[in-house]
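J.: This is the structure I want to talk about, given as structure tokens.
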Amino acid sequence: MQSERFDYALNMLLEGEDINLLKKHAERISEDYRDGTGPSKRIVNDAKKAKAYAASRMPATYRAVYDSLRYVISVSDLCVNSVLDVGAGTGAGIFACTDLLQAEDITLLEREESMISIGKQLFSYDSLLSSARWIKASVQDIGTDKKYDLVTASYVMNELNEEDMLRTAEKLWDITGDTLLIVEPGTPKGYANILVIRDILLQKGAYITAPCTHAGKCPMVEDDWCHFYCRVQRSRLHKQLKGGEAPFEDEKYSFMAFSKKEAQLPEFRVLRRPRIYKGHIMLTVCSKEGIQNITVTKKEKERYRDAGKLKAGDAFY
């Protein structure tokens with residue numbers, strides 16, 4: 035289910051827009067990112083393109099950040115007053131954060147003036163976000179003079195080379211008061227970025243809160259990677275922009291959250307959709323012992339009932 039606040043703001047932003055023009059810009063943006071030109075080329079550089087980006091990408095970004103943060107909250111006592119979102123785009127991540135957490139001090143860092151302008155317009159339709167502060171800067175240029183309870187970086191590390199990515203991750207950790215959340219595309223490259231960041235932040239004393247069940251070496255083999263899916267409900271406009279009549283789309287994402295304090299990690303993290311058979315359920319999970327297939331039988335009444343409701347990404351005990 036999408037956020038009513040977010041849906042309202044996006045609908046207000048796009049009211050009266052030329053759908054065909056938005057679709058044209060959205061397709062071009064998608065092509066540029068697929069071709070790998072996104073990181074080096076400033077492709078969202080005017081208001082029309084920024085609106086097309088908001089219409090086509092914000093719903094999926096919102097959902098990925100929302101689900102990632104929900105997993106963090108499920109294993110920690112996260113309570114925040116200040117939030118910083120870096121590489122904020124048009125503000126999808128902050129909509130997700132404020133749907134789950136109460137924060138009064140909200141800051142967004144974004145390098146593109148067109149994105150900031152559209153983000154401010156979106157926030158003007160929402161009473162919780164109308165006073166949010168925007169900073170025009172790249173993620174590499176972030177200042178370190180202030181700490182924030184929660185720092186989020188979604189779909190931004192993949193736009194940096196490895197040296198800049200690691201330097202940025204360390205700076206973000208230095209200004210994190212409680213939790214740092216990294217969300218990346220659910221691709222081998224996206225997860226590889228997260229693993230490199232994981233190694234460097236563990237060396238700096240970070241604790242992992244999600245999705246890992248341990249701080250040891252990732253047990254994923256070379257031809258697999260840790261990623262999850264979130265279901266994005268498609269509005270009428272979204273269908274027109276993306277083509278087709280499917281009522282939803284699935285966004286594939288990888289994420290990792292790091293905390294200044296140790297969390298009570300779950301015994302298992304579900305990696306695949308449960309396989310339900312007569313009298314038992316099979317789960318593929320990650321644990322301290324590595325990747326395992328575990329069986330939950332009908333005799334384990336409460337556990338069996340819970341197992342049948344699980345999806346990839348959920349914790350299990």
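In our numbering, the protein residues as written are 35 to 351.
By construction, the Cβ of each residue, glycine as well, lies at the ideal position given by its N, Cα and C atoms.
What you are looking at is a predicted structure, and each value in this text was computed from that prediction instead of being measured.
#1: Could you work out which residue in T95, I325 and S108 is closest to P300 when comparing CA atoms only?
#2: Going by DSSP, what residues sit across from Q326 in a beta bridge?
#3: Counting Cβ pairs closer than 8 Å, one from the stretch 145-161 and one from the stretch 244-252, do we hit at least three?
#4: For L163, which three-state DSSP category applies?
#5: Are the CB atoms of E211 and E218 nearer to each other than 8 Å?
#6: So I315 and V330 are in contact, right, with Cβ under 8 Å, and what is the actual spacing, rounded?
#7: Quick one: Cα of S37 to Cα of D133, how far?
#8: Taking only runs that begin and end inside the stretch 208-286, name each unbroken alpha helix (DSSP H) of 4 or more residues, in chain order.
#9: Please confirm whether R97 and E279 have their CB atoms less than 8 Å apart.
#10: Using the DSSP secondary-structure output, state which residues sit across from D179 in a beta bridge.
#11: Please classify S158 as buried or exposed, where buried requires at least 16 other C-beta atoms within 10 Å of its C-beta.
#12: Return yes when the Cβ of D160 is within less than 8 Å of the Cβ of R39, no when it is not.
#13: Tell me the rounded alpha-carbon separation between E61 and A84.
#14: Tell me the residue span of the beta strand (DSSP E) that contains E144.
#15: So, helix, strand or coil for S37, using DSSP?
#16: Measure the C-alpha to C-alpha separation of A89 and L142 and round it to an integer number of angstroms.
#17: Note down, in chain order, each residue of its chain lying with its Cβ closer than 7 Å to the Cβ of N79, except the 5 sequence neighbours on either side.
#18: Between R104 and the rest of its own chain, which residues show a CB-CB distance below 7 Å, the 5 nearest in sequence each way excluded?
#19: State the Cα-Cα distance for the pair I169 and L214, rounded to the nearest angstrom.
#20: What first and last residue would you give for the beta strand (DSSP E) that runs through V304?
#21: Going by other Cβ atoms of all chains shown within 10 Å of its Cβ, with 16 needed for buried, is T71 buried or exposed?
#22: Leaving out the 5 sequence neighbours to the left and right, which residues in its chain are closer than 6 Å to E144 when beta-carbon positions are compared?
#23: Alpha carbon to alpha carbon, how far is C264 from T124?
T.: Put simply:
#1: S108
#2: V319
#3: no
#4: coil
#5: The sequence as given places Gly at residue 211; Glu does not occur at that position. Not a contact, by the Cβ cut-off of 8 Å.
#6: 5 Å
#7: 7 Å
#8: 222-237 and 270-276
#9: no
#10: For D179, which the question treats as bridged, DSSP gives no partner whatsoever.
#11: exposed
#12: yes
#13: 13 Å
#14: D139 to E144
#15: coil
#16: 19 Å
#17: E146 and S148
#18: L134
#19: 19 Å
#20: F302 to V304
#21: With a pLDDT of 48 at T71, under the threshold of 50, the modelled position of this residue cannot be trusted, and the question is left open.
#22: A122 and I150
#23: 20 Å
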